[in-house]
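Be aware that the sequence shown starts at 276, since it is given in this note's numbering, and climbs by one per residue.
Heads up, the thing below is written out as structure tokens.
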Amino acid sequence: MSLPTLSHESEVTLESALEIMRVLMPLLVRSGIGYSEFSAALRPLFYNEAIYELERINQKKTDSSISLLAGLSRREVSELRQVNNGSHELIEVNNVSLPISVPARVIGLWISLDLPHKILIYGEENSFEWLVKNISTEKHPKSILLELKRIGLIEVSDKTVTLLKDCFSPSAKLSEAKKIFIENVCSHLSAGIHNLIENDDKYLEQAIIADEITLDSINRLKYLSLELWEDMSKKILKEAIECCKEDEGKEQAKFNFRLGVYDYSGLMSNK
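Here it is as structure tokens:
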């Protein structure tokens, strides 16, 4: 009889994490991030979390113990350890080199060779086809062309392809919007996960769900939500300002507080 590979709790946790990832997938794929880039970026996160857990339970940090907790191979753990000169310490994720996709490498070669922003799609030299073949013989130039067009890095005409300059100039407005989104989602997840794995100091993490309603009813609820949020946010903000004034200069004033509200509507699941 075969033994189960995961406990019931582990299976439920993994299923929950995959459900969250399912929601994140459109953001990743539409931004040009595939499995290879994402899975490689996860390695240092699992490595760091294994170190946190070993410190929590006062267990020695070794390649073997970290490999077991993080699910990384001993070779991967050893490579990550070299980031801190052979010591098992937390690592800055940005310090770990990540794989660069073929489309990104094609753009990199295009720029490094200082080719014109508009080049021929096909040709023996200095064409888009030529760039792709210099990077990879396994990827078809047409596939790379369509991918770069999809994520908004190039414009394609009948015989030429144009590298868009604006795509390499970060939008301050978009960057700030993503930053706020990430902070809000991380805070929400942190509150919920804390409530699941810790027994004290539970955070407020509630939702009201109404099923089997029409779009007109949704609009009514959205309007009411905005009205109530406007009133509540003013009261919370006023109190927060008072707290900031009272705590200014105090040695223990090193925490932050975030209260978030969201609304979302969609078709009911068939599950």
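Ideal Cβ placement from N, Cα and C applies to all residues, glycine included.
Q. Buried or exposed: Pro319, going by 16 or more other Cβ atoms within 10 Å of its Cβ?
A. It is buried - the Cβ of Pro319 has at least 16 other Cβ atoms within 10 Å.
Q) Taking the DSSP output, what are the residues bridged to Thr437? A) Here Thr437 is bridged, per DSSP, to Lys393, Glu430.
**Q.** Cβ neighbours of Asp522 in the same chain (closer than 6 Å, five flanking residues each side left out)
**A.** Close CB contacts of Asp522 within its chain, under the 6 Å cut and outside five residues either way in sequence, are with Ala528 (chain order).
Q.
Quick check on Gln527: does DSSP put it in helix, strand or coil?
A. The answer is coil: DSSP assigns Gln527 none of H, G, I, E or B.
Q | Burial state of Phe530, where buried means 16 or more other Cβ atoms lie within 10 Å | A | Counting the other Cβ atoms within 10 Å of the Cβ of Phe530 gives fewer than 16, which makes it exposed.
Q. Should Val352 be labelled buried (16 or more other beta-carbon atoms within 10 Å of its own) or exposed?
A. Here Val352 is buried, its C-beta having at least 16 other C-beta atoms within 10 Å.
(Q) Taking a contact to mean a Cβ-Cβ separation below 7 Å, would you say Val381 touches Ile341 in this structure? (A) Result no, Cβ atoms of Val381 and Ile341 do not sit closer than 7 Å.
Q | For Arg380, the first and last residue of its enclosing alpha helix (DSSP H) | A | From DSSP, the alpha helix (DSSP H) with Arg380 extends over 377-387.
Q. Out of Leu406, Leu281, Lys510, which has the shortest C-alpha to C-alpha gap to Gly346?
A. Looking at the Cα atoms, Leu281 is the closest of the given residues.
Q: Measure the alpha-carbon distance for Thr288 versus Asn474 and round it to whole angstroms.
A: Their Cα atoms are separated by approximately 18 Å.
Q. Would the beta-carbon of Ser500 be found less than 6 Å away from any heavy atom of the ligand PLP?
A. Of ligands this structure carries none, so the ligand PLP is not represented either.
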